[in-house]
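Everything on this sheet refers to the single structure shown next.
Residue numbers (UniProt numbering): 1 to 102.
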């Protein structure tokens, strides 16, 4: 939350120090936000590559498990949902294929 500061009773040096602290604090928060998003993007692409490798190896059951785990985090990934449905079709699990169709 932003705190209202009455700047009229503060000297120039006090105001400068206050603003300097605020800037340093928010710069750290900005750096942390960038690091978090870099991690999310890396994690996202890593998991999709892992599923692709499992499918290429023919390990469909493990690919299904990994996709289900992935979709718990990234719910809006329509391509992953489609891929999951296709894997269920290949496994003959028609009930899950129908329940996962969006």
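All C-beta atoms, glycine included, are put in the ideal place defined by N, C-alpha and C.
Quick caveat, the model's predicted, so the values are computed rather than measured.
Neighbour-count burial assignment, residue i, 16 or more Cβ in a 10 Å radius
i	result
residue 47	buried
residue 34	exposed
residue 70	buried
residue 51	buried
residue 55	buried
residue 82	exposed
Where residue i falls: helix, strand or coil (DSSP)
i	result
residue 43	helix
residue 68	helix
residue 9	helix
residue 103	As displayed, the chain neither begins before 1 nor continues past 102, which places residue 103 out of reach and without an answer.
Q) Given 8 angstroms as the limit, is there contact between the segment 61-70 and the segment 78-93, that is, 3 or more CB pairs closer than that? A) They touch, by the three-pair rule.
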